[in-house]
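Participant:
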Amino acid sequence: MTRTVDAGDSAAMPVTLLKHELRTPINHIIGYSEILLEDLDTPRADRVARIRQIARELASVIDTVLSPARLNGGTTVSRESLLELRRVVEEAAARIRTIDVASGRADLPLECRSDLERIEEATVRLQRFAQTGILCKSE
Amino acid sequence: MARILLVDDDEMNRDMLSRRLIRKGYEVIIAVDGAEAVRMWQSQAPDLVLMDSNLPIMSGPEATRKIREAPCERHLPIISLTANAMAGEHERAIQAGCDDYVTKPVDFPLLAGKIEKLLRQTGAAS
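Those protein sequence lines, which keep their order, are chains A and B.
Read in this note's numbering, the first sequence has 100 at position 100, and its numbers run on one by one without any break.
Read in this note's numbering, the second sequence has 1084 at position 84, and its numbers run on one by one without any break.
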C-alpha cells in the first residue's frame, strides 16, 4: 500500500530533520560540482562529474535509509516534479554505459511528471544488475 | 536586465545560485529571511523572486502570502525552492501563491528554464 507521509506525523519528524541535516552538505557538493563542470575542460570535467555522481548516489542512499517507508513500514513517499526526461536518461546512460538507450531516446518527451529520485534509484539498480546480474527489488 | 531577488538563509546556497544567475546575465539581490524578503521586495522592485521555503523569522510561504496580499500593478513571479525533506512543502508553497517550485539540490538548467518562461510571461525577460 502506498500513501504520502505527512510531516506532521510525529514518528517521521526527527528523521525528516536528520535527513535535512545530511542532505544539505551533499546538496552543496552537488551544486559546487556543477559550477566547476561549467568551467572545466573535458578531462577534468569527467573527474568532477564523478564527484557529482557519487554525491547524488550518497543522497539517494540517505533518502532510502531514512525514508519513512523503511522506518515505519508499508509507506512510500513519492515526490513528483517536472523532469527533463532526456537529460535524466542521458545521465543514466553515461552512468550505465553497458545499456544502450540511444536507439529509443529520440521518441522520449522532453518533460514528464515523475519522481526524479525514484528514477535515479531505478538506474542505480540497473547499473548493479548490469555489473552483478542481481536485480534488487524496490523498497 | 531582469532583477532577481534570491531568498535563502544558507550562505552556500546563495553563493551557488547567485553565481550562476549572474553568469546568465541577471542582476541578483539577496535576502536571508522571509521578513527581509518582504522589505527587499518593497524597496528594490525585483522582477522575480526565488524563495526558499524553510526560512528563519518568516517562512517562505508566509513571505509569499504577504507579497501576494499587497496590491500590485503587475504579477510578480515567485518560484519556491524546497528542501524536499518534508512532505507537503510543495503544496504549501503553491497554496501560498508561488507560481512554481524547484527541489533542492537545484537542477539549474530546469530552474533557468522556469525563470525565463515566467519572465517572458510578465514581459520582464532580460
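We treat Cβ as the ideally placed atom computed from N, Cα and C, and that holds for glycine.
1. Tell me, to the nearest whole angstrom, how far the beta carbon of Arg-1003 of chain B is from that of Glu-1036 of chain B; I am working on the premise that it is less than 8 Å.
2. For the structure I just gave you, are there three or more beta carbon pairs, one from the segment 1018-1025 of chain B and one from the segment 1059-1068 of chain B, closer than 8 Å?
3. Run through DSSP, which three-state label would Asp-100 of chain A get?
4. Assign Glu-1089 of chain B to one of three DSSP states: helix, strand, or coil.
5. Please list, in chain order, the chain B residues whose beta carbon lies closer than 8 Å to that of Ile-30 of chain A.
6. So Met-1016 of chain B contacts chain A; which residues on that side make the cut at Cβ distance below 7 Å?
7. Name the residue from A:Val-88, A:Leu-85, A:Asp-63, A:Leu-82 whose alpha carbon lies nearest to the alpha carbon of Leu-17 of chain A.
8. Mark Arg-52 of chain A as exposed unless 16 or more other C-beta atoms lie within 10 angstroms of its C-beta, in which case mark it buried.
9. Where does the unbroken beta strand (DSSP E) through Glu-1027 of chain B begin, and where does it stop?
10. Might you give, ordered along the chain, the residues of its own chain that have their beta carbon closer than 7 Å to the beta carbon of Ala-45 of chain A, omitting 5 neighbours on each side?
11. Taking the straight line between their C-alpha atoms, what separation do you get for Leu-1006 of chain B and Trp-1041 of chain B?
12. Taking 8 Å as the CB-CB cut-off, is Glu-90 of chain A touching chain B?
13. Would you mind reading off the limits of the beta strand (DSSP E) that contains Asp-1052 of chain B?
14. Give the interface partners of Ser-81 of chain A over in chain B, defined as CB-CB distance under 7 Å, in chain order.
15. Examine chain A for any beta-carbon lying closer than 8 Å to the beta-carbon of Ala-1083 of chain B, and answer yes or no.
Facilitator: Inspection of the coordinates gives the following:
1. Here residue 1003 of chain B corresponds to residue number 3 of the second sequence, with the count starting at 1. Here residue 1036 of chain B corresponds to residue number 36 of the second sequence, with the count starting at 1. Between Arg-1003 of chain B and Glu-1036 of chain B the beta-carbon gap is near 16 Å, outside 8 Å, which marks them as no contact.
2. Segment contact: the segment 1018-1025 of chain B against the segment 1059-1068 of chain B, fewer than three CB-CB distances shorter than 8 Å; contact not assigned.
3. As a first step, residue 100 of chain A must be located in the first sequence, where it is residue number 100. Because the pLDDT of Asp-100 of chain A is 44, which lies under 50, any placement of that residue in the model is unreliable, and the number read from its coordinates should be weighed accordingly. Note: Asp-100 of chain A maps to coil in three-state DSSP.
4. Translated into positions along the second sequence, residue 1089 of chain B becomes position 89. Three-state DSSP puts Glu-1089 of chain B in a helix.
5. For the purposes of this step, residue 30 of chain A is taken as residue 30 along the first sequence, with counting starting at 1. Neighbours of Ile-30 of chain A in chain B, taken as residues at a C-beta separation under 8 Å, are given in chain order as Pro-1105.
6. In the second sequence, the residue the question calls residue 1016 of chain B occupies position 16. What Met-1016 of chain B touches in chain A, judged by beta-carbon distance under 7 Å, is Gly-31, Tyr-32, Ile-35, going in chain order.
7. Counting from one through the first sequence, the residue named residue 17 of chain A turns up at place 17. Answer by Cα proximity: A:Asp-63.
8. For the purposes of this step, residue 52 of chain A is taken as residue 52 along the first sequence, with counting starting at 1. By the neighbour-count criterion, in which 16 or more other beta carbons inside 10 Å mark a residue as buried, Arg-52 of chain A falls on the buried side.
9. Counting from one through the second sequence, the residue named residue 1027 of chain B turns up at place 27. Going by DSSP, Glu-1027 of chain B is part of the beta strand (DSSP E) stretching over 1027-1031.
10. In the first sequence, the residue the question calls residue 45 of chain A occupies position 45. Within the same chain, Ala-45 of chain A has close Cβ partners Leu-37.
11. To locate residue 1006 of chain B, count along the second sequence from 1; it is residue 6. To locate residue 1041 of chain B, count along the second sequence from 1; it is residue 41. The straight-line gap from Cα to Cα measures roughly 10 Å.
12. As a first step, residue 90 of chain A must be located in the first sequence, where it is residue number 90. For Glu-90 of chain A, the answer is no, since every Cβ of chain B falls outside 8 Å of its Cβ.
13. Mapped onto the second sequence, residue 1052 of chain B falls at position 52. Its beta strand (DSSP E) spans residues 1048-1052.
14. Numbered from 1 along the first sequence, position 81 holds the residue referred to as residue 81 of chain A. Per Cβ cutoff of 7 Å: Thr-1103.
15. Residue mapping note: residue 1083 of chain B aligns to position 83 of the second sequence, counting from 1. Chain A contact via Cβ: present.
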